[in-house]
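Line order of the protein sequences matches chains A and B. FYI, in our numbering the residues of the first sequence are 433 to 632. FYI, in our numbering the residues of the second sequence are 433 to 632. Note sheet for the following structure.
Protein chains: 2
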Amino acid sequence: MKLYYSPASPFARKCLVVAHELGLMDRIQVLNEGVHPVNRNQTVVAANPLGQVPTLITDNGQAVHDSRVICDYLNAQGQGSLVPADETRWTVLTEQSMADGLLAAALLCRYEVTARPEALRWTDWTQGQMQKITDTLAYFESVIAHRGESLDLGTIGLASALGYLDFRFADYDWRSANPGLAEWYGRFAQRPSMQATAPV
Amino acid sequence: MKLYYSPASPFARKCLVVAHELGLMDRIQVLNEGVHPVNRNQTVVAANPLGQVPTLITDNGQAVHDSRVICDYLNAQGQGSLVPADETRWTVLTEQSMADGLLAAALLCRYEVTARPEALRWTDWTQGQMQKITDTLAYFESVIAHRGESLDLGTIGLASALGYLDFRFADYDWRSANPGLAEWYGRFAQRPSMQATAPV
Chain A
433 MKLYYSPASP FARKCLVVAH ELGLMDRIQV LNEGVHPVNR NQTVVAANPL
483 GQVPTLITDN GQAVHDSRVI CDYLNAQGQG SLVPADETRW TVLTEQSMAD
533 GLLAAALLCR YEVTARPEAL RWTDWTQGQM QKITDTLAYF ESVIAHRGES
583 LDLGTIGLAS ALGYLDFRFA DYDWRSANPG LAEWYGRFAQ RPSMQATAPV
Chain B
433 MKLYYSPASP FARKCLVVAH ELGLMDRIQV LNEGVHPVNR NQTVVAANPL
483 GQVPTLITDN GQAVHDSRVI CDYLNAQGQG SLVPADETRW TVLTEQSMAD
533 GLLAAALLCR YEVTARPEAL RWTDWTQGQM QKITDTLAYF ESVIAHRGES
583 LDLGTIGLAS ALGYLDFRFA DYDWRSANPG LAEWYGRFAQ RPSMQATAPV
């Protein structure tokens, strides 16, 4: 398999954490492809018209994306149990979606203050996106004590999201308002899969 | 079940089309909740901190979202076959993701030209998002002849996306460049599930 990836992409990191946890890394060629919302990467576009990383190319040449579909695919390839089949499935998938939504909001904030010309920035937009982040973190703070040491697409997505906040929003102190989450992440981030995929 | 929904949301429409196709509509109470990226709807936020529709509340009170997780949940409730279990699964899920990505780009364009103050609009941003839409439509044009009359989360997602383009981007002539897709959509849009959920 080939994975188009960017070392700064939290969605790509989620896929790599999954691959590490399932012991699939020796089957994946990781190809560094920077992407941008305005200046589109044509190598990636050829495989995925949305021009986004991560995009996976399977051994038979099929393009699989986005990160959620890739994680589901890798879980199947590795005969993993990162997506439960019982009733907890809907909690795990909803929490993966929430972590993805938090990241989408964070990326929109980042595009607003890095890609967009300064004169065209809209504070209300950034504040609306940051409020999504704050509220989603508060949700996870309220449930994290019940997640224990669970390893699934929800907790991996959450850890990837928190890692991204530390990486790109270093001034945003999410830990003070979410001490349970901070403690949980402190442990989760020690996993070899997380250590091996830290953003640079 | 309760579904927080907006009649203009293509992601909510996708869920309703699925519910219609699976014969689940008499089990779902549809609640109209307008949402906005800046002025957040607190009823929806209480169930989903991202403040987005669609959000489903199951009969045991659990919140399930986003639209992909809801469609998967409804498919399970209705014992449907909208997500194949064989190797075509990855094509269907990737195409659902592409249709969702097209819609995400369309919504970002729309927020740019309706929500954002006129003086703060950035043409490059809108063009980058429109290019994603154009390229994704070209992909679907290249494969649609192979989809036949298949009814799955990929084709339902695609039809919901095309319906949204007609609804909100009426001046964007996607049919001329994509005649196969236009013909396919002409047939698909006649399904009772599509007729019953047309945006208003």
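All C-beta atoms, glycine included, are put in the ideal place defined by N, C-alpha and C.
{"Check": "Other residues of its chain near R472 of chain B: CB distance less than 7 Å, five sequence neighbours each side excluded", "Outcome": "G483"}
{"Check": "For T546 of chain A, the three-state DSSP class (helix, strand or coil)", "Outcome": "helix"}
{"Check": "Length at least 4, wholly inside the segment 565 to 613 of chain A: the alpha helix (DSSP H) runs in chain order", "Outcome": "585 to 600, 606 to 609"}
{"Check": "For A609 of chain A, the nearest candidate out of A:A591, A:Q627, A:T566 (CA to CA)", "Outcome": "A:T566"}
{"Check": "Segments of 3+ residues assigned as beta strand (DSSP E) that fall wholly inside the segment 442 to 515 of chain A", "Outcome": "461 to 464, 487 to 489"}
{"Check": "L435 of chain A, enclosing beta strand (DSSP E) - first and last residue", "Outcome": "434 to 437"}
{"Check": "Neighbourhood of Y505 of chain B by C-beta, 6 Å cutoff - its chain only, sequence neighbours within 5 removed", "Outcome": "V496"}
{"Check": "CB contact flag (V467 of chain A, L514 of chain A, <8 Å)", "Outcome": "no"}
{"Check": "Own chain, CB closer than 6 Å to A570 of chain A, minus 5 neighbours either side, in chain order", "Outcome": "none"}
{"Check": "Burial state of N464 of chain B, where buried means 16 or more other Cβ atoms lie within 10 Å", "Outcome": "exposed"}
{"Check": "is_contact[P549 of chain A, chain B] using C-beta, thresh 8 Å", "Outcome": "yes"}
{"Check": "Same chain only: Cβ atoms within 6 Å of R607 of chain A, ignoring 5 sequence neighbours per side", "Outcome": "A614"}
{"Check": "Reduced DSSP category for W557 of chain A - H, G, I as helix; E, B as strand; rest coil", "Outcome": "helix"}
{"Check": "For L539 of chain B, the nearest candidate out of B:P624, B:M562, B:F620, B:T587 (CA to CA)", "Outcome": "B:M562"}
{"Check": "8 Å Cβ cutoff met for N507 of chain B and L448 of chain B", "Outcome": "no"}
{"Check": "Residue-level contact to chain B via CB, Q474 of chain A, 8 Å cutoff", "Outcome": "no"}
{"Check": "First and last residue of the uninterrupted alpha helix (DSSP H) at P624 of chain B", "Outcome": "624 to 627"}
{"Check": "Simplified DSSP state of A440 of chain A, which is helix, strand or coil", "Outcome": "coil"}
{"Check": "Below-8 Å beta-carbon distance, H578 of chain A vs any chain B residue", "Outcome": "no"}
{"Check": "Inter-residue Cα distance where the pair is S529 of chain B and M433 of chain B", "Outcome": "25 Å"}
{"Check": "Minimum C-alpha distance to A634 of chain B - residue among B:T526, B:R500, B:V575", "Outcome": "Residue 634 of chain B lies beyond the residue range present for chain B, which begins at 433 and ends at 632; the question has no answer from this structure."}
{"Check": "Whether V477 of chain A touches Y436 of chain A by CB criterion (8 Å)", "Outcome": "no"}
{"Check": "Check whether L534 of chain A and K564 of chain A have beta carbons under 8 Å apart", "Outcome": "yes"}
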